[in-house]
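Q: Listed in order, the protein sequences are those of chains A and B. Position 6 of the first sequence, counted from 1, bears residue number 5 in numbering that gives the first Met the number 0, the numbering being contiguous throughout. Position 28 of the second sequence, counted from 1, bears residue number 27 in numbering that gives the first Met the number 0, the numbering being contiguous throughout. All C-beta atoms, glycine included, are put in the ideal place defined by N, C-alpha and C. Note that the coordinates shown come from a computational prediction; the quantities given were computed from them, not determined experimentally. One structure coming up, written as structure tokens, with questions to follow.
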Amino acid sequence: MATSHQASGVQAGRLPAEEIAENFSDLHPAYDPHEAAVAADRCYFCYDAPCVTACPTSIDIPQFIREIQAGHPASAARTILNQNILGGMCARVCPTETLCEEVCVREAAEGKPVEIGRLQRYATDVLMEQGSHPFTRAESTGKSVAVVGAGPAGLAAAHRLAMLGHDVVIHEAKAKSGGLNEFGIAAYKSTEDFAAREVDWLLQIGGITVEHGKALGQALSLEQLKADYDAVFLSIGLAGVNALRLDGEAMEGVCDAVNFIEDVRQADALAEVPVGRDVVVVGGGMTAIDAAVQSKLLGAENVTVAYRRSRAEMGASRFEQDLAASKGVKLMFNVQPAGLKGNGALEAVELEYTSSEGGKLSGTGEMVTVPANQLFKAIGQTLQGQPDMLALEGRKIKVDDQGRTSVSGIWAGGDCASGGEDLTVTAVAEGRDAAMDIHAALTGAAG
Amino acid sequence: MADLTSDFLGIKSPNPFWLASAPPTDKEYNVRRAFEAGWGGVVWKTLGAEGPPVVNVNGPRYGAIWGADRRLLGLNNIELITDRPLEVNLEEITRVKKDYPDRAIIVSLMVPCEEQAWKDILPRVEATGADGIELNFGCPHGMAERGMGSAVGQVPEYIQMVTEWCKKYYSKPVIVKLTPNITDIRNPARAANAGKADAVSLINTINSITSVNLDKMAPEPTIGDKGTHGGYCGPAVKPIAMNMVAEIARDPQTKGLPISAIGGVTTWRDAAEFMALGAGNVQVCTAAMTYGFKVVEEMISGLSQWMDEQGYTSLDDFVGMAVPNVTDWQYLDLNYVAKAKIDEDLCISCGRCFAACEDTSHQAIEMSDDRVFSVKDEECVACNLCVNVCPVEGCITMEEMAAGTVDPRTGDVVADEYANWTTHPNNPSAQAAE
């Protein structure tokens, strides 16, 4: 594996394994207790705190930070997990810079928010390292619920339902649980197999069975689930990937960013993951940034993110943009792919400059050609394989505020369902809230 | 550049910052380094009578409380007076004073409450060339149980008696150090004055338990499985010390009695405040024990800067200036009306003022949907709680209402003239205004 940085084509081992390992170390390393104490001391314990309002799962942030201040991080973790059972992962992957930390009053005061995400990680790490599970199940209700998809929404729903005394079976298409936490997030955000460890820890509640290799429309039909269980919760994510719709899209080197991210996450050895010398990522969201940064960390020489709109409109936060830039990724704005060049294998991408008038984007006709032996498409995912019986809203399963679909007895949440941003934390909130509504429906409790 | 030279009881020092009698002044090594660092004087750690030296515990001697970022706010100790032989201390004092004639060296003393004991030690102290003595009537632990320290300081008659002995057998200034562990500081101060003390110094440490170890179920510092009360000092005690200094400064019986102030002095401002309340100089311990001798540099530069800005050329220009403005509650102007005002530009919208006022005070702060906080003048009693809980200095201020305007809370016109409780119609024993 003596491939050099400048080796042509798509190759593995562009950097020494040790350097790659170092590159992929924890993006936000864990606080030690002293760091946590200093960081926690900065919280002002605001009244009706803006950070809580900004959190999709409404974690009582001033309360949990106060619990850290007062020397009991394990109860801080309970405060977090009460609202967000995947608080450990959310502490790692939430774009806190656009959520809780953006509205922290110390951001207003000093341009430096309380580091809520890292404090949340500190508290949840302390509790998880104790090896125990802080919640217990209520007495059995005798009801059973099917959850389809073991991603954040499904796991959150399953945990809440199990805690309330229902028996839950999660049907998961893949061989591993976790959904995007396991397959769709940059490796440096979930180190040391955290996503899998979190799932194991979550399942300690009991009452949840996970059946892998069960995809809706294949081994599983919604009609059958509806017949077999008292309620069904769908959290099937967005399995489809948008295409560029350009000639040559089938060429070697043109790939989906989500697949690349999955390959990186699932690799036994990162040095064995191939990456191009010249990489172009098309898109402007977190997936684009995750793919671009990881390409660079694997040793790609030139990595360019090509986004068709302006910086201000980019889905990825400024923090993510700056992270990419700091790793040497070039960010191009107002360019869209117009052509793919190559003979069997990709050689270059032709980009056309764009202008936007009244929100309508159009090409200016001016072109620039960027060398590329690898192109990652990160222009959005789409709902795929949804049952016909469910009404859609836009391109997602239509749900109301409680997560109810158009069909009685079927709920949905997470990225596959309408409403909310496509974030882990939002999926957790939707799964949790749907679970509460399912519980109310199954027990006749006031909802 | 303001002249910081201090003349306290005729004892000259280049600045009014002395190190208090405490561990920092226990030996020659420390005191020489303190003088090199710039301290104006030291009160040498308390000497006891000839004989086997006292013994200290061999476990932790200090306990503490902290503020945010573990800033030390209060320190307590269970250390006793010097545990080094008397002769060694006396020799060291002699040597250091000889080498630093421009610095003040005061010797703190604590010997049994018998005339002979004082008669024995005082000539030996005098022979060191030190500038004066300070009688340790304050130490609240250990020595008090042996009839010394605060056991003397809590009995005014003893204070007067011992002070008289000292004045009889010692020719230089005698400073009486007072314990705050009493109900009215004026009584021991009056006793010292009656004994012809040249000055009082205060406060010594306050009886305290700083924390309880919940595993051992014992006070901290814990020696094995037991703890005891210690003497509390540091920034946390400053308000208590300032009140006591002011009480002595404005007591007609002790008015004019020189005061050396002690209690939480950490920056120049603390010193200036104590001196404004009548102290001729200040003594420092906890700040040095927390940050090292270097802290005196800020005290010097800060006091000097402030004096220049104010146009004060010597310490005497402002010593005691605040004393006439310390009064009893009954003389406060009840016609003075203020309202809180929140500066929206400075406000960071934490809402602590709202929580404090809404939950615990007068429901006088309004919060809009977009987190703009404003004062309801018709409810505000100007209690100042919002100012105190606001994390941004200067964001909330108390604005005096001009005479002739109407206070929307009471509907009354703000009166121009001063009026206090003694003449207030609600006071059953009010005297008719003349």
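(1) How about residue 87/B and residue 48/B: do their beta carbons lie closer than 8 Å?
(2) For the candidate residues 265/B, 290/B and 333/B, whose alpha-carbon lies nearest to that of residue 301/B?
(3) Checking 8 Å against the spacing of the C-beta atoms, do residue 250/A and residue 343/A come in under that value?
(4) In whole angstroms, give me the CA-to-CA distance for residue 390/A and residue 384/A.
(5) Excluding the 5 residues preceding and the 5 following residue 17/B in the sequence, name in chain order all residues of the same chain whose CB lies nearer than 8 Å to its CB.
(6) Who are the neighbours of residue 108/A on chain B, taking C-beta pairs under 8 Å?
(7) What are the uninterrupted segments assigned as alpha helix (DSSP H) that are 4 or more residues long and contained completely in the stretch 109–171 of chain B, given in chain order?
(8) Establish whether the CB of residue 350/B and some CB of chain A are separated by less than 8 Å.
(9) Identify, in the order they occur along the chain, each residue of the same chain with its Cβ nearer than 6 Å to the Cβ of residue 336/B, setting aside the five sequence neighbours on each side.
(10) Measuring only the C-alpha atoms, how far is residue 281/A from residue 341/A?
(11) Is residue 40/A helix, strand or coil when you go by DSSP?
(12) Verify whether the separation of the beta carbon atoms of residue 132/B and residue 173/B is less than 8 Å.
(13) Need the endpoints of the beta strand (DSSP E) that residue 210/B sits in, please.
(14) If I'm right that residue 420/B touches residue 329/B with Cβ under 8 Å, what's the distance once you round it to whole angstroms?
(15) Could you check which residue in 152/B, 275/B and 288/B has the C-alpha nearest to that of residue 263/B?
(16) At a CB distance below 9 Å, what residues from the stretch 37–51 of chain A approach chain B? Give them in sequence order.
(17) Would you kindly report the start and end of the unbroken alpha helix (DSSP H) that includes residue 121/A?
(18) According to a CB-to-CB cut-off of less than 7 Å, which residues of the stretch 87–111 of chain A neighbour chain B?
(19) Would you mind working out which of 145/A, 19/A and 417/A sits nearest residue 237/A, comparing C-alpha positions?
(20) Please state whether DSSP places residue 317/B in a helix, a strand or coil.
(21) With a threshold of 7 Å, establish whether the CB of residue 402/B neighbours any heavy atom of the ligand ATP.
(22) Do residue 229/A and residue 441/A have their C-beta atoms closer together than 8 Å?
(23) Can you list, in chain order, the residues of the stretch 37–68 of chain B whose Cβ is nearer than 9 Å to any Cβ on chain A?
(24) Within 10 angstroms of the Cβ of residue 368/A, are there 16 or more other Cβ atoms? Answer buried if so, exposed if not.
(25) From residue 184/A to residue 88/A, what distance separates their C-alpha atoms?
(26) Please list, in chain order, the chain A residues whose beta carbon lies closer than 7 Å to that of residue 354/B.
(27) What is the rounded straight-line gap between the Cα of residue 364/A and the Cα of residue 252/A?
(28) Do you know whose CA, among 228/B, 115/B, 188/B and 164/B, lies nearest residue 138/B's CA?
(29) Could you name each continuous beta strand (DSSP E) segment of 3 residues or more that falls completely within the stretch 248–293 of chain A, going from the start of the chain to the end?
(30) So with Cβ pairs under 8 Å, would you call residue 9/B a contact of chain A?
(31) Can you tell me which of the three DSSP states residue 20/B falls into?
(32) In the DSSP assignment, find the unbroken beta strand (DSSP E) run with residue 208/A in it and report its ends.
(33) Drop a sphere of 10 angstroms on the beta-carbon of residue 121/A, count the other beta-carbons inside from all chains shown, and report buried for 16 or more, exposed for fewer.
(34) Can you give me, in chain order, the residues of the stretch 363–374 of chain B that have a beta carbon less than 9 Å from any beta carbon in chain A?
(35) Here's the rule I'm using: 16 or more other beta-carbon atoms within 10 Å means buried, otherwise exposed. How should residue 427/B be labelled?
(36) For residue 437/A, which residues of its own chain have a beta-carbon under 7 Å away from its beta-carbon, when the five flanking residues on both sides are left out?
A: In terms of the structure at hand:
(1) no
(2) 265/B
(3) yes
(4) 13 Å
(5) 38, 39, 40, 41, 42, 103, 105, 259, 280, 281, 282 and 283
(6) 347, 390 and 391
(7) Here the runs fully enclosed are 114–125, 149–152 and 155–168.
(8) yes
(9) Leaving aside the five residues that flank residue 336/B on each side, the residues in its chain whose CB is nearer than 6 Å to its CB run, in chain order, 400, 406 and 413.
(10) 17 Å
(11) coil
(12) yes
(13) Counting along the chain, the beta strand (DSSP E) containing residue 210/B begins and ends at 210–212.
(14) 4 Å
(15) 288/B
(16) Residues passing the 9 Å Cβ filter: 37, 40, 41, 43, 44, 45, 46, 47, 48 and 49.
(17) 115–128
(18) 104, 107 and 108
(19) It is 417/A whose Cα lies nearest to the Cα of residue 237/A.
(20) coil
(21) Looking at this structure, you won't find the ligand ATP or any other ligand, since it has none at all.
(22) yes
(23) 66, 67 and 68
(24) exposed
(25) 10 Å
(26) 46
(27) 26 Å
(28) 228/B
(29) Counting whole runs of 3 or more residues, the stretch 248–293 of chain A contains the beta strand (DSSP E) stretches 253–255 and 277–281.
(30) no
(31) coil
(32) 207–211
(33) Residue 121/A comes out buried.
(34) The stretch 363–374 of chain B vs chain A, Cβ under 9 Å: 366 and 370.
(35) exposed
(36) 144, 160, 230, 232 and 410
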